[in-house]
Amino acid sequence: MINWTIRKADVSDADGLQKCMHKAYLQYADRIDIQTLPPMNVNYKDEIAFFPVWVVENKHQIIAGLVLVFEEDHASLANIAIDPDFQGKGLGKFLLNFAEQETRHKGYLEMELATHVLFTENVSFYTKQGWILVGQDGTKVYMKKQLI
Numbered sequence: 118m119i120n121w122t123i124r125k126a127d128v129s130d131a132d133g134l135q136k137c138m139h140k141a142y143l144q145y146a147d148r149i150d151i152q153t154l155p156p157m158n159v160n161y162k163d164e165i166a167f168f169p170v171w172v173v174e175n176k177h178q179i180i181a182g183l184v185l186v187f188e189e190d191h192a193s194l195a196n197i198a199i200d201p202d203f204q205g206k207g208l209g210k211f212l213l214n215f216a217e218q219e220t221r222h223k224g225y226l227e228m229e230l231a232t233h234v235l236f237t238e239n240v241s242f243y244t245k246q247g248w249i250l251v252g253q254d255g256t257k258v259y260m261k262k263q264l265i
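In the working numbering, the protein residues as written are 118 to 265.
Have a look at this one:
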């Protein structure tokens, strides 16, 4: 088991968060042109400034990131990514539970997300965590979860 800490991101985390996100999405390069994915082209300084963003650190290295967006009637899981070297150790489940807790704390009862149709392992993971498929168009799969 690895030791990690989660904390609210600040602007000084932008470069480390970007490296982590790019490394996480690079694993899909054999399936799609990853440069077309929004996380590859985001200005992480802006993300941190305008949205609730958390980073997970291990030995002063950012190994995961979480971005939430709070809409009028629901919260969106805008991005969750884990450095591939740290996947399969329970961090994804921890981050999803953390996101749900933050969402409940703000008074929301529903979360939504979109993922790529070819990221089948992600769809399977979210389904196992209680998310349901609510739609698909083109390359996107839409899911939601009611928070109790």
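Backbone N, C-alpha and C fix where the C-beta goes; we use that ideal spot for every residue, glycine too.
### 4 or more residues per run - each alpha helix (DSSP H) lying fully within the stretch 138 to 192
155 to 158 and 161 to 167
### Query
What does a CB cutoff of less than 7 Å around V128 pick up in its chain, not counting 5 residues either side in sequence?
K162, I165 and A166
#### Entry: Beta carbon of L194 nearer than 8 Å to that of M228
yes
### Nearest to L230 (by Cα), restricted to the options K262, A131, Q135 and I123
K262
### Query
What span of residues does the beta strand (DSSP E) with V258 cover, start to end?
K257 to Q263
### Query
For E174, which residues of its own chain have a beta-carbon under 6 Å away from its beta-carbon, when the five flanking residues on both sides are left out?
T122
### Message
Going by beta-carbon coordinates alone, are W171 and R124 separated by less than 8 Å?
### Response
Yes. Within cutoff.
### Message
Whole angstroms are fine: how far does the CA of L134 sit from the CA of V184?
### Response
C-alpha separation (whole angstroms): 11 Å.
### Task
Please report how far the alpha carbon of A131 lies from the alpha carbon of K210, in whole angstroms.
If you take the alpha carbons of A131 and K210, they lie about 23 Å apart.
#### Entry: Beta-carbon proximity check, P201 vs Q144, cutoff 8 Å
Their beta carbons are under 8 Å apart, which means P201 touches Q144 by this criterion.
### Message
My assumption, with CB atoms under 8 Å, is that Y259 sits in contact with A198. Please give the rounded CB distance.
### Response
Between A198 and Y259 the Cβ distance is about 18 Å, and since that is not below 8 Å, they are no contact.
#### Entry: Between the CA atoms of T256 and A146 - distance to the nearest angstrom
Using only the alpha carbons, I get a separation of about 15 Å.
### Query
Tell me the DSSP bridge mates of R124?
V172
### Query
Which of the three DSSP states, helix, strand or coil, is assigned to L194?
Correct three-state label for L194: strand.
### Task
Would you mind sorting E217 into buried or exposed? The rule is 16 or more other CB atoms within 10 Å of its CB.
Counting Cβ neighbours within 10 Å, E217 comes out buried, since at least 16 surround it.
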